[in-house]
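Okay, so the sequence shown: first residue is 9 according to our numbering, each after it adds one. Beta carbons are placed, not taken as given, at the ideal position from N, Cα and C, and that holds for glycine.
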Amino acid sequence: MIKAKPTNKQLEYLDWEIGVFFHFGIRTFYQNNEDWDEKPMDASVFNPSRLDCRQWIRIIKEAGAKYSVLTCKHHDGFANWPSKYTEYSVKNTPWKNGQGNVVKEYVEACREFGIKVGLYYSPAQFGSRKMQGREYDDYFINQISELLTGYGKIDYLWFDGNGSENHEYDWKRIVGVIRELQPEMMIFSMWDPDTRWVGNEAGIAPFEIYNTITPDSHWQEVAWIDEDRFLPYECDCRIRRKSWFYKEADEIYLRDEEDLLSLYEYSVGRGGNLLLNIAPDTEGLLPEKDSCNFISFGKKLKERFQNAIECKITAEGDEFFIETDKENKVNCIVLEEDLTNGESVTQFEIMQATPAYVSIYTGKNIGHKRICTFPKTFGDRFKIKISGHNGDFKMKSIKLFNIV
């Protein structure tokens, strides 16, 4: 395994852990439409009469999310801000008599509640075939420049690669503009990424997965990488399992708090970030049941991991000995590797003294966080053995829990 060194902003990104995706736009009002069906969607129907981005962000803040991402322009091409470069935007809708700006209200709400600001932009759209080569790149750059100059500091730019297969972008020119406008911003996925897609939309990271990507890696979104790079992975999925945009009929597919806790273990608990989609409805509000489930999840998550069992940890070479002052019920140990100089651990084992040490859990990488759950056991002495690593490693945290 090659070990690449992360940037400070990549380490900060991993500490965000939970983000919320807001798919919202013209398709919110066309609930029978799907991605790339190219059905016409007239801007005149866009009228979220009670739009309240403060409600969105207040709810996700209460649930414990650290960042969010808004679809500024999806594949349909509709702009959630009054773009000068298209007539297909909020400026030609009845909402606020064409004077509204969803992006502006969203960014202001994020800043008010201390949520990191993420913007989604689909480079491709239905009408892209009408523009070729440099003309389309110019259109792309012009719109991205509006988003990156009109709203202050943006923390995260989320590119969707879907639909761009038949257009060869002048990515060096595009990235040059983006980095000049927002040099501290994180970029997801395309061209000059700071983060990458985990490879599915189920919210699940593989059991063994590393942050370093090499040129011969087979990750779809980063096939063009020409050097070893540290690229933390993000697991995106939907709170309603069937659709990204709001569909009233999809409420039956809504995940409950236990489902969301499982997703957290499959994503953050395997070293990645969880980006969970909650779609605002046609009034411009987060649905009540979706919101309640997400808040319940956040409350339960906090309860589950806020009270670690007090213990003493002693390091001896590649082994860490854990002692508690009394016998405890234990069914979870959370490990964190210090990734400042890159990811190193490739094999580890959790053992319990019986009094001889017996293995109760084995794993591969640890990364930013590894949530190790196992059947409940009673004990006062445990050991973490790092049996495989790529060069020097350093543990950041070891915590014991009895989760219920």
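Taking 8 angstroms as the cut-off, the beta carbon of Y164 is found closer than this to the beta carbon of G126.
Looking only at I374, E357, F401, the smallest Cα-Cα distance to F390 is reached by E357.
Using a 10 angstroms sphere on the CB of T79, the tally of other CB atoms reaches 16 or more, which defines it as buried. Note on geometry: alpha-carbon atoms of E331 and K407 lie some 11 angstroms from one another. Between G371 and V338 the beta-carbon gap is near 16 angstroms, outside 8 angstroms, which marks them as no contact. DSSP places F386 in the uninterrupted beta strand (DSSP E) bounded by 378-397.
Per DSSP, the continuous alpha helix (DSSP H) segment holding Q18 begins and ends at 16-24. The segment 247-256 makes no contact with the segment 87-96; the number of CB pairs closer than 8 angstroms stays below 3.
Short of 7 angstroms from the beta carbon of F238, and not among the five residues preceding or following it, lie these beta carbons of its own chain, in chain order: A12, K13, P14, Q18, N219, T220, G350.
Excluding its 5 nearest sequence neighbours in each direction, M139 has C-beta neighbours in its own chain below 8 angstroms: Y147, listed in chain order. In this structure, the CA atom of F313 is about 13 angstroms from the CA atom of C380. With a threshold of 16 other beta carbon atoms within 10 Å, A323 falls short and is exposed.
The DSSP-derived three-state label of R119 is helix. Taking the CA atoms as reference points, D60 sits about 21 angstroms from E259. In this model, N398 and V353 are separated by some 6 angstroms (Cα to Cα).
Only residues of its own chain outside the window of five on either side were considered, and among them R312, F313, N339, C340, T381 have a CB closer than 8 angstroms to the CB of I411, listed in chain order. DSSP lists no beta-bridge partner residue for W89. Residue burial is scored here from C-beta neighbours: K99 has at least 16 other C-beta atoms within 10 angstroms and is therefore classed as buried.
V28 counts as buried, since at least 16 other C-beta atoms from the protein chains shown sit within 10 angstroms of its C-beta. Relative to W24, the option among S405, I394, K377 whose CA is nearest is K377. Boundaries of the alpha helix (DSSP H) harbouring Y274: 265-275, taken from the DSSP string.
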